[in-house]
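So the structure is just underneath, and the comments pick up after that.
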Amino acid sequence: MKNKGSLKSNSAVDLFKLIGAYLVVSIHTSIFSSYSDIFNFYFTDVFARLAVYFFFVASAYFFFRGLKFENSKIVKCKENFSKFKKYFFRITLLYVIWSFIYFLSDIPKWYSLGCLTFKNFIGFALSCITNSSHYHLWFLISLVYAVPIMYFLLHYVKLRTFAIISVVIYLVGLLYGSYSFAGMPFESLWNIFGDKFVRMRTVIFNVIPICTFAIFCDKVNLSKKVINVITMVLFLAFSAEVMILNFYSPETASSYSIFTIPAVVFIFLSVRNINISIAHSYILRRLSTIIYCMHPLVIVVLSIFIDGSKLNSLLYFVIISAITTVVGLALVFLNRNVKFFAFLKYAM
Numbered sequence: 001m002k003n004k005g006s007l008k009s010n011s012a013v014d015l016f017k018l019i020g021a022y023l024v025v026s027i028h029t030s031i032f033s034s035y036s037d038i039f040n041f042y043f044t045d046v047f048a049r050l051a052v053y054f055f056f057v058a059s060a061y062f063f064f065r066g067l068k069f070e071n072s073k074i075v076k077c078k079e080n081f082s083k084f085k086k087y088f089f090r091i092t093l094l095y096v097i098w099s100f101i102y103f104l105s106d107i108p109k110w111y112s113l114g115c116l117t118f119k120n121f122i123g124f125a126l127s128c129i130t131n132s133s134h135y136h137l138w139f140l141i142s143l144v145y146a147v148p149i150m151y152f153l154l155h156y157v158k159l160r161t162f163a164i165i166s167v168v169i170y171l172v173g174l175l176y177g178s179y180s181f182a183g184m185p186f187e188s189l190w191n192i193f194g195d196k197f198v199r200m201r202t203v204i205f206n207v208i209p210i211c212t213f214a215i216f217c218d219k220v221n222l223s224k225k226v227i228n229v230i231t232m233v234l235f236l237a238f239s240a241e242v243m244i245l246n247f248y249s250p251e252t253a254s255s256y257s258i259f260t261i262p263a264v265v266f267i268f269l270s271v272r273n274i275n276i277s278i279a280h281s282y283i284l285r286r287l288s289t290i291i292y293c294m295h296p297l298v299i300v301v302l303s304i305f306i307d308g309s310k311l312n313s314l315l316y317f318v319i320i321s322a323i324t325t326v327v328g329l330a331l332v333f334l335n336r337n338v339k340f341f342a343f344l345k346y347a348m
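With the first letter of the sequence shown counted as 1, position 120 gets the number 120 in this note's numbering; the numbers rise by one all the way through.
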């Protein structure tokens, strides 16, 4: 498989990653709950949930696009391995840094609850591996697991074969996830796997299939207009499916749905086709990472001074977003202009 064009992320993708970060903030601040529970549910549990899946597609697309393929397999060479090591180190370090930050932020809470114990420290460490250190960092730990698995297997399995396997695996996830109300055999094994290794189950049955189809984005040979129409149809189908599934399996409705993968892949294709040029778009890229990783910390710190539940939900979203954005821009500025803060690049 030949790589086409520049390996750099284009401005449109960087911009939409930033928008996606704000969508994640909207989920955790229930942005429209002061106005309409139904619309807030649709916006935060349907529309905004696609943001993280967009991140997965973008991450997988740009990483695997930069590797050399031959006969639909990843070539075993120093260049590929060097790129893999660099990417894996960056994602892992990003996860470790933010996990440590949230570990420090949890200590006062543990102390106030009287549970600042060795057992809690061990529990946190285990959670970092089997689940995630904090609820929103599941995206990073999922990449930490998914990318090495895919990188290794694609040395031996052709991409098209791997895609077929991914479809089968995803269908299994659908049947035992959002469509489990239909009744499936060995459901207890699925639940045990999820209880003990919840993040690995997500990686295998959800993240890897999504990342696999991201690799095929360059093979979609359709006009921009056709792609945009398909994107709209798939998004509407995804929305309808998730709204219906919410009545049967609300916990997994937006995670395991038939139209999740095709919808988010075509959304990425539509975004990638937008021809815009933003000077220093790397700022958007880094800012989106900071906003995604930092906003729950801002929520915790702000809760010391303000009860967010008593504020207008939209105002609360604006406050959290504004504070996180200002701090994020300051960190990006310091990283780019002050040598002492060069280390900040590992946190963004």
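A virtual CB, placed ideally from N, CA and C, is assigned to each residue, including glycine.
Could you please give the first and the last residue of the uninterrupted alpha helix (DSSP H) stretch that includes proline 185? As a first step, residue 185 must be located in the sequence shown, where it is residue number 185. Neither: proline 185 is in no alpha helix (DSSP H) and is coded neither H nor E.
Going by the beta-carbon positions, is the gap between tyrosine 22 and serine 313 smaller than 7 Å? Within the sequence shown, residue 22 is the residue found at index 22, counting from 1. Within the sequence shown, residue 313 is the residue found at index 313, counting from 1. No; because the gap between Cβ atoms is not below 7 Å, this pair is not in contact.
Should the stretch 224 to 241 be regarded as contacting the stretch 253 to 271, the criterion being three or more beta carbon pairs within less than 8 Å? yes
I'd like to know whether the C-beta of phenylalanine 32 is nearer than 7 Å to at least one C-beta of chain B. Checking the listed chains, one finds no chain B in this structure; it contains a single protein chain.
Quick check on DSSP: helix, strand or coil for asparagine 3? If you number the sequence shown from 1, residue 3 lands on position 3. Confidence at asparagine 3 is low in this model, with a pLDDT of 43, below 50, so the placement of that residue should be treated as unreliable; the coordinate-derived value is given next. Note: asparagine 3 maps to coil in three-state DSSP.
Hey, would you say phenylalanine 213 sits closer than 7 Å to valine 168, going by beta carbons? Here residue 213 is taken as the residue at index 213 of the sequence shown, counted from 1. Here residue 168 is taken as the residue at index 168 of the sequence shown, counted from 1. Contact: no.
Would you kindly check if the distance between the Cβ of tyrosine 61 and the Cβ of cysteine 217 is under 7 Å? To locate residue 217, count along the sequence shown from 1; it is residue 217. To locate residue 61, count along the sequence shown from 1; it is residue 61. A contact, by the Cβ cut-off of 7 Å.
Taking the straight line between their C-alpha atoms, what separation do you get for leucine 245 and phenylalanine 333? As a working mapping, residue 245 is identified with position 245 in the sequence shown. As a working mapping, residue 333 is identified with position 333 in the sequence shown. Straight-line Cα distance between these residues: approximately 44 Å.
Cβ atoms of serine 277 and asparagine 228: under 7 Å apart, would you say? Within the sequence shown, numbered from 1, the residue matching residue 228 stands at position 228. Within the sequence shown, numbered from 1, the residue matching residue 277 stands at position 277. Taking 7 Å as the Cβ cut-off, asparagine 228 and serine 277 do not qualify as a contacting pair.
Determine whether the beta carbon atoms of histidine 155 and lysine 219 lie at a separation below 7 Å. Against the sequence shown, residue 155 aligns to sequence position 155. Against the sequence shown, residue 219 aligns to sequence position 219. Result no, Cβ atoms of histidine 155 and lysine 219 do not sit closer than 7 Å.
Over the uninterrupted alpha helix (DSSP H) stretch that includes phenylalanine 43, give me the two end residues. Here the question's residue 43 lines up with position 43 in the sequence shown. First-last for phenylalanine 43: undefined, no H or E at that position.
Are alanine 125 and valine 203 closer than 7 Å when you measure CB to CB? Taking the sequence shown and counting its residues from 1, the one referred to as residue 125 is at position 125. Taking the sequence shown and counting its residues from 1, the one referred to as residue 203 is at position 203. Not a contact, by the Cβ cut-off of 7 Å.
Straight-line gap, arginine 160 to valine 338 (C-alpha atoms, nearest Å): Along the sequence shown, read from residue 1 onward, the residue named residue 160 stands at position 160. Along the sequence shown, read from residue 1 onward, the residue named residue 338 stands at position 338. If you take the alpha carbons of arginine 160 and valine 338, they lie about 47 Å apart.
Going by beta-carbon coordinates alone, are cysteine 211 and phenylalanine 56 separated by less than 7 Å? Translated into positions along the sequence shown, residue 211 becomes position 211. Translated into positions along the sequence shown, residue 56 becomes position 56. For cysteine 211 and phenylalanine 56, yes; Cβs fall inside 7 Å.
Short of 6 Å in beta carbon distance, which residues of its chain neighbour alanine 12, apart from the five on each side in sequence? Order them along the chain. Here residue 12 refers to the residue found at position 12 of the sequence shown. Hits under 6 Å: Val271, Ile274, Ile276.
Which of helix, strand or coil DSSP assigns to lysine 17: Numbered from 1 along the sequence shown, position 17 holds the residue referred to as residue 17. Of the three classes helix, strand and coil, the one that applies to lysine 17 here is helix, per DSSP.
DSSP three-state label for lysine 158, please. Taking the sequence shown and counting its residues from 1, one reaches residue 158 at position 158. DSSP places lysine 158 in coil when its eight states are reduced to three.
Which residues in the same chain have their Cβ closer than 8 Å to the Cβ of tyrosine 297, if we skip the five residues on either side of it in sequence? Translated into the one-based positions of the sequence shown, residue 297 becomes position 297. Per the sequence shown, residue 297 should be read as leucine rather than tyrosine. Cβ within range, chain order: Ile101, Tyr102, Ser105.
May I ask which residues mark the beginning and end of the alpha helix (DSSP H) holding aspartate 106? Your numbering for residue 106 matches position 106 in the sequence shown. 78 to 112 is the span of the alpha helix (DSSP H), which, as asked, contains aspartate 106.
Using the beta-carbon count (16 or more within 10 Å), is methionine 200 buried or exposed? Reading the sequence shown from its first residue, position 200 is the one you call residue 200. Buried: at least 16 other Cβ atoms inside 10 Å.
Beta-carbon within less than 7 Å of glycine 194's beta-carbon, same chain only, minus the 5 sequence neighbours each way: which residues are those? As a first step, residue 194 must be located in the sequence shown, where it is residue number 194. Counting only Cβ-Cβ distances below 7 Å, and skipping sequence neighbours, we find Arg201.
With DSSP run on the structure shown, which of helix, strand or coil describes phenylalanine 351? Absent from the structure is residue 351, since the part of the chain shown begins at 1 and ends at 348.
With which residues is isoleucine 141 paired in a DSSP beta bridge? Counting from 1 along the sequence shown, the entry for residue 141 is found at position 141. For isoleucine 141, which the question treats as bridged, DSSP gives no partner whatsoever.
Nearest-angstrom beta carbon gap, alanine 58 and lysine 17 [assumed within contact, 8 Å]: Here the question's residue 17 lines up with position 17 in the sequence shown. Here the question's residue 58 lines up with position 58 in the sequence shown. About 6 Å separates the two Cβ atoms, so the contact holds.
List the DSSP bridge partners of isoleucine 74. Counting from one through the sequence shown, the residue named residue 74 turns up at place 74. DSSP output for isoleucine 74 lists Phe69 as bridge partner(s).
Ordered along the chain, which non-local residues of its own chain (more than five positions away) have a Cβ less than 6 Å from that of tyrosine 176? For the purposes of this step, residue 176 is taken as residue 176 along the sequence shown, with counting starting at 1. Correct list, in chain order: Met184, Trp190.
Give me the Cα-Cα distance between leucine 7 and cysteine 115, rounded to the nearest whole angstrom. Taking the first residue of the sequence shown as 1, we reach residue 7 at position 7. Taking the first residue of the sequence shown as 1, we reach residue 115 at position 115. Unreliable positioning characterises leucine 7 in this predicted model, as indicated by a pLDDT of 37, which lies under 50. A coordinate reading is not provided.
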